[in-house]
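What the sequence shown shows, in our numbering, is residues 206 to 592, in sequence order.
Glycine included, every Cβ here is placed at the ideal spot set by N, Cα and C.
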Amino acid sequence: MPFKKVCLILMSLFVCVGLLQVGGTAEAAGSATLRLGVNDELTEIEAISVDNTYYVPLRELTQALSLSLTGQKEGFQVKSQGRSILLLNDHERALLHDGSEVKLHTFLRGGMLMAPLKLTTYLGLQISYQSGNYLLRVRDASAKLDDAAFVAQYKEKLKPKVIAVPPVSPASPANPPKTSGKPGMTVYLTFDDGPTASTSKLLDVLADYKVKATFFMIGPNMNTYPTQVKRLAEEGHSLALHGMTHRKEKFYASPSAALSEMDRNQAIVKKITGKTTTLIRPPYGSKPYFTKAFRDKVLGQGYQLWDWNVDSEDWRYKEDSNRIYTSVMNQVNKLKKSKTNPVILMHDQKATLKVLPRILESLQKEGYQFSVITQDTRPLNFWKDVR
Numbered sequence: 206m207p208f209k210k211v212c213l214i215l216m217s218l219f220v221c222v223g224l225l226q227v228g229g230t231a232e233a234a235g236s237a238t239l240r241l242g243v244n245d246e247l248t249e250i251e252a253i254s255v256d257n258t259y260y261v262p263l264r265e266l267t268q269a270l271s272l273s274l275t276g277q278k279e280g281f282q283v284k285s286q287g288r289s290i291l292l293l294n295d296h297e298r299a300l301l302h303d304g305s306e307v308k309l310h311t312f313l314r315g316g317m318l319m320a321p322l323k324l325t326t327y328l329g330l331q332i333s334y335q336s337g338n339y340l341l342r343v344r345d346a347s348a349k350l351d352d353a354a355f356v357a358q359y360k361e362k363l364k365p366k367v368i369a370v371p372p373v374s375p376a377s378p379a380n381p382p383k384t385s386g387k388p389g390m391t392v393y394l395t396f397d398d399g400p401t402a403s404t405s406k407l408l409d410v411l412a413d414y415k416v417k418a419t420f421f422m423i424g425p426n427m428n429t430y431p432t433q434v435k436r437l438a439e440e441g442h443s444l445a446l447h448g449m450t451h452r453k454e455k456f457y458a459s460p461s462a463a464l465s466e467m468d469r470n471q472a473i474v475k476k477i478t479g480k481t482t483t484l485i486r487p488p489y490g491s492k493p494y495f496t497k498a499f500r501d502k503v504l505g506q507g508y509q510l511w512d513w514n515v516d517s518e519d520w521r522y523k524e525d526s527n528r529i530y531t532s533v534m535n536q537v538n539k540l541k542k543s544k545t546n547p548v549i550l551m552h553d554q555k556a557t558l559k560v561l562p563r564i565l566e567s568l569q570k571e572g573y574q575f576s577v578i579t580q581d582t583r584p585l586n587f588w589k590d591v592r
């Protein structure tokens, strides 16, 4: 029997037996997670069981196995030693290196793209399952420990955990939030440069109007205000990256410098919230500095580039609420004529708090709905680069 088929059978057996031992099925309110073993190490990667299949964060998996992960127009491609698999944007299918198509569900969880661990078998890797020992491991030719030795080394740490997850199918979370369905009537409110001392009050205002927003945050600021980062994540706002320094001469020193800032920014998000995100906004917007060389370097690692089509100019007018309000509404009205959804740039600052309620009230009265940006939202940027 082909190794690939054996792996799939073993996966099914492991899940069916293992779930009984750790407290329920994937469709129950509590679902089992296991730490993933990669070669000879037990990683911090958590594999979550959904509909009898274990899923892992794609980016973390590829990093742990030193696989190549690149973002393409059709989806995300993973490569290893002459083999590749392209996870398509429909979250249902994948293309193998030989051109054949396979069914492969992916979905979003906490801003992370979750992929079934079985995708590694298409890259020539081996998966080990031992339900009695709670072993879930993927390895390549560099692994030195056999499964027995691996279990003996990590026996005290090979314990399952039960978490609360909604009873959904793998593909369901990947669907973007439902809106009014009217083109141009969904607002994406975004805030740059936070968190700050004003973030708590900003979140209070958004809660009062039942509005969710997307926050492009700076790394050091998150370290200063971790409680606010946790709160906005818990309240359903979207986490996004704005780099570390917000200084042109540092961020745009080279494509590698830009990628390094976003990766470090990502690490802070993960440390504080346990989540990751693909959404980025370079300092001062992507034009003119975020050229093709930068985009190829950074977007090639799975990040998605976002700018805006409505500039509130709150950074310019500060305390002049009337000018900020007029600027926003004039730009929104122009977009309405072309049935374009507004992506509004604002800043996480004290002055913005004064005008924000007025803007929210006006937009809601005009029938606009608010939504957060997710990985499934088609990127809007000045370069029209939708990777």
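Between the alpha carbons of asparagine 338 and leucine 363 lies a distance of about 7 Å. For phenylalanine 421, the three-state secondary structure derived from DSSP is strand. With respect to tryptophan 511, isoleucine 549 sits apart: the two C-beta atoms are not nearer than 8 Å. Remark: C-beta atoms of leucine 239 and proline 431 do not approach each other more closely than 8 Å. Rounded to the nearest whole angstrom, the C-alpha separation of serine 465 and lysine 570 is 43 Å.
For lysine 284, the pairing in a beta bridge is given by DSSP as Ser273, Ser289. According to DSSP, glycine 399 shares a beta bridge with Met422. Positions of the beta strand (DSSP E) runs, each at least 3 residues long and wholly inside the segment 450-476, cannot be given because no such run exists. Within its own chain, the residues whose Cβ lies closer than 7 Å to the Cβ of arginine 436, once the five positions on either side in sequence are excluded, are Leu408, listed in chain order. Per DSSP, alanine 357 is one residue of the alpha helix (DSSP H) stretching across 352-359. Membership of threonine 248 in the beta strand (DSSP E) is indicated by the continuous run 246-255. With a cutoff of 8 Å on beta-carbon distance, alanine 463 and lysine 502 are scored as near each other.
In the structure shown, the three-state DSSP call for arginine 298 is strand. Setting aside the 5 residues that flank it on each side, arginine 342 is surrounded in the same chain by Gly242, Ser333, each with a C-beta closer than 6 Å to its C-beta; the list follows chain order. Excluding residues up to 5 positions away in sequence, Lys284 lie with their Cβ nearer than 6 Å to the Cβ of serine 273 in the same chain. Using a Cβ distance threshold of 8 Å, aspartate 397 and histidine 302 do not count as a contacting pair. In this structure, the CA atom of valine 416 is about 37 Å from the CA atom of leucine 324.
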